[in-house]
Amino acid sequence: MKFPSLKNLLQSAVNTIKRYPFETLFALAGTIAATIEIELNHLNRISENWCMRTIMIANLGFLLSLSATLYTQSKGWKTTKIVLAKIAAAVIAVLFIFIINPPERQADYTRFFLLSLAFHLMVSFAAFTGKGQIQGFWQFNKTLFLRFLACMLYGVVLFAGLAAAIGATNFLFNFKFEWDTYQILWVWITGMFTTTFFLAGVPTNTRALNEDESYPKGLKIFTQYVLIPLSTVYVIILLAYEVKILIEWKLPKGLVSNLILGYAVFGILSLLLVYPIREQNENKWLKTYTRSFYFLLIPLQILLFVAVGTRVFSYGVTEFRYFLIALALWLLFISLYFLLFKKQNIKIIPISLCILTLLSIYGPQSAFTMSMYSQRGMVISFFKKHNGFKDGKLTLVDSTKINMKEGSLGASRLSYFIYHYDLKGLQPYFKRDLNIVADSLAKQKGEYNNLLVDREGLRTLKYQWAKKQLGLGRFSDYYYPFAETTTDFSESESYVFSQKENITVVKGYDIELSSNLGADTVINNYNGITIKQVYFAETHRCSLMLNNDIVKFDPIEIVNKMMTDTTTLEKYRSKKNKDNLYMPKGYELPANLMQVTRQTPGYTVVFQFSSIYFDRSKKGNPDIKNFSGTYLIKIK
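The numbers in this note's numbering rise by one with no breaks, and the one at position 14 of the sequence shown is 46.
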């Protein structure tokens with residue numbers, strides 16, 4: 033076996049860059065932006081924002097430029113027209129940097145994914161837009177798929193080797209390469225090495241692929257004995273489930289949508305992989321399987337429409353439900369096409385899916401516009417129902433008149449809207465300028481460090497601000513359809529008593545011993561004294577044996593004492609989570625109110641409780657859940 037020389041490898045890389053200059057520049061720009069983003073993490077949100085957007089634009093630019101290259105070369109255009117087409121593709125991609133802003137709008141992450149998916153699909157057929165060329169189209173995509181797998185394998189192996197080398201230098205020479213070094217290494221390997229390696233394997237003469245009749249034997253075995261049997265198992269299970277719900281006359285479960293789409297993906301992938309050999313005599317059964325696949329897909333699509341439609345009518349349109357409906361319509365179109373037309377063209381699969389994807393990104397018919405209006409309507413309807421909408425603006429609701437189920441529903445709707453469409457999406461319904469509010473919140477520092485809050489943290493701050501402004505602060509962010517409809521959410525309330533001071537005074541005592549409630553029995557020895565701790569998990573009590581002296585402690589003593597004097601207790605009410613009915617009622621008590629003293633002939637033992645968690649039913653019976661504390665022992 034002859035290995036290529038270093039000179040040949042370098043020459044191959046140079047030739048690849050010359051053939052794909054725009055693609056290489058986009059890859060380099062994305063790699064540099066990713067490197068800067070890693071270094072600036074939590075330090076400069078504005079710069080992080082632009083780095084993230086640059087990475088996304090680099091991805092889109094790479095795919096658009098590659099599509100333009102493949103299209104123009106397949107048409108045999110002159111160099112000038114090829115360059116102009118590439119420039120136009122690059123300009124279109126760059127313009128997206130002013131449109132896509134995911135740190136501000138979480139939905140833009142989905143928009144980017146859809147754009148990237150559409151442009152990936154475009155690469156698959158860009159060189160085969162003319163009539164026919166089906167064999168070349170199949171061979172081209174097979175080559176790209178195998179090249180991609182090889183790139184991933186080489187990239188992972190290269191990263192693992194270099195990462196191990198860096199780790200070895202840290203260990204042997206006391207270098208201080210930190211975690212971000214490995215991130216940057218991975219970025220450059222995937223951004224430049226694997227990209228260049230992939231481009232080097234893209235077929236240059238796409239017309240010649242139409243004459244290529246080769247077919248990997250391993251691919252045939254994999255498809256016939258793995259993918260097709262899996263698809264068969266899927267369809268049997270799904271059809272049996274459809275019969276079951278028809279007999280029981282019940283609505284289908286939401287998860288069935290994912291299963292149907294999984295079956296469709298497996299099936300279509302299987303059919304595409306065996307497409308070139310379907311006409312061979314020994315593979316005539318593939319035609320029968322193809323027709324049966326699309327025929328059986330139709331009743332499953334009806335099930336898919338029912339499953340999605342049920343949730344749309346109950347909870348409105350979301351991006352995910354929109355995509356399910358769009359994919360269901362696309363599958364119906366593909367099924368009818370392959371069932372009704374004898375002359376079939378597999379290029380229609382990526383082309384139609386690309387068009388559908390682009391239509392779902394922007395415009396009044398897009399997933400984001402339709403879902404935003406639907407979800408905003410759900411938010412507005414909640415406030416109208418509870419007298420929180422006046423003169424076209426959202427106003428403070430009286431949360432004491434809203435039960436837990438309704439309150440959590442409203443809070444969850446508000447949370448979903450702000451996290452997906454940003455606080456600014458509610459500007460028409462607020463008198464205050466929400467841009468000023470967002471800028472003010474963005475200046476806040478993290479709770480556990482002095483750095484600016486990250487993008488997710490900023491969305492949380494925006495939601496908490498809106499939640500407080502609209503009077504939903506005491507409700508959970510999650511909707512529980514099974515929750516009680518009364519104002520009292522449950523039959524009991526949760527409490528936590530904690531010691532206000534974090535310092536325990538041990539003056540006057542000989543031994544300080546932390547309680548160990550993780551085991552039933554713990555034995556220690558100190559200066560001739562055998563100290564035995566016993567924890568009774570069922571009753572949440574504890575005892576301490578000092579040689580032959582025994583003392584017992586029960587946190588119920590503290591609880592009963594404090595709960596009978598509610599006037600004194602309320603003085604120590606914690607302000608944290610005070611209005612959140614889903615959090616325990618917290619009280620910060622002085623140390624002297626959190627201790628119990630026991631006397632024995634040889635010892636004085638104080639148990640200083642640091643925390644007590646308990647529930648109290650409406651009948652007034654406390655139920656201890658957990659506690660912690662410290663033993664203070666004085667030898668007489």
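For every residue, glycine included, the Cβ atom is placed at its ideal position computed from N, Cα and C.
For E136, no alpha helix (DSSP H) run applies, since DSSP gives it neither H nor E. Around the beta-carbon of E488, fewer than 16 other beta-carbon atoms lie within 10 Å, marking it exposed. Counting of Cβ neighbours within 10 angstroms places T598 among the exposed residues, the total staying below 16. Burial check for K603: the Cβ neighbour count within 10 Å stays below 16, so the residue is exposed. Ranked by how close their Cα comes to the Cα of N557, the residues G540, N579, S546 and S547 have N579 in first place. Minimum Cα-Cα distance from G162 among the listed residues R239, T111 and T222 corresponds to R239.
Of the residues I129, I87 and I166, the one whose Cα lies closest to the Cα of Q376 is I166. 8 angstroms or more divides the Cβ of K532 from the Cβ of L601.
Residue pairing for Q640: DSSP places it in a beta bridge opposite Q627 and T662. The C-beta distance from L441 to F421 rounds to 16 angstroms, too long to meet the 8 angstroms contact threshold. Checking the DSSP bridge columns, you'll see D244 has no partner listed. The Cβ atoms of L149 and T350 do not sit closer than 8 angstroms to each other.
For F421, the beta-bridge partners assigned by DSSP are L426.
DSSP, read as helix, strand or coil, puts I563 in strand. According to the DSSP secondary-structure assignment, G618 is paired through a beta bridge with V528. Sequence-distant Cβ neighbours of A296 in its own chain, meaning closer than 6 angstroms and more than five residues away, are L363. Counting along the chain, no beta strand (DSSP E) covers K118; the unbroken alpha helix (DSSP H) around it starts and ends at T111 to L127.
Using a Cβ-Cβ distance cut-off of 8 angstroms, the stretch 276–290 and the stretch 328–343 are in contact, since at least three pairs of beta carbons, one from each stretch, lie closer than that value. Its Cα nearest to that of T662, the residue V537 stands out among I383, Y619, T492 and V537.
Taking a contact as a CB-CB distance under 8 angstroms, the pair A443 and F507 counts as one, their CB atoms being some 4 angstroms apart. For R323, the enclosing alpha helix (DSSP H) stretches over residues W317 to Y347.
Proximity to K118 across L57, S367, V267 and E311 peaks at L57, based on C-alpha coordinates.
Your pair G457 and M404 checks out as a contact, with CB atoms roughly 6 angstroms apart and the cut at 8 angstroms. Between D647 and E525, the beta carbon gap of about 7 angstroms places them in contact (Cβ cut-off 8 angstroms). Under DSSP, the beta-bridge partners assigned to F646 are Y527 and I656. DSSP, read as helix, strand or coil, puts D471 in helix.
Nearest Cα to Q459 within the set R408, L490, T48 and T222: R408. Following the DSSP letters along the chain, one finds K593 in no beta strand (DSSP E) but inside the alpha helix (DSSP H) bounded by residues I588 to M595.
Here L185 is exposed: its Cβ has fewer than 16 other Cβ atoms, across all protein chains shown, within 10 Å. In the three-state DSSP reduction, D212 falls in the helix class (H, G or I). Sequence-distant partners of K113 (beyond 5 residues in either direction) whose C-beta falls short of 7 angstroms from its own C-beta, in its chain, are T104.
For L473 against L490, the beta-carbon gap comes to about 6 angstroms, under 8 angstroms, which counts as contact. If you draw a 10 Å sphere on the C-beta of T629, you find fewer than 16 other C-beta atoms in it, and that means exposed. Distance check between T636 and each of K666, R464, Y619 and Q627 places K666 closest, using alpha-carbon atoms only. By the C-beta density criterion, T48 is buried, having at least 16 other C-beta atoms within 10 angstroms. N40 sits in a helix when the DSSP states are folded into three classes.
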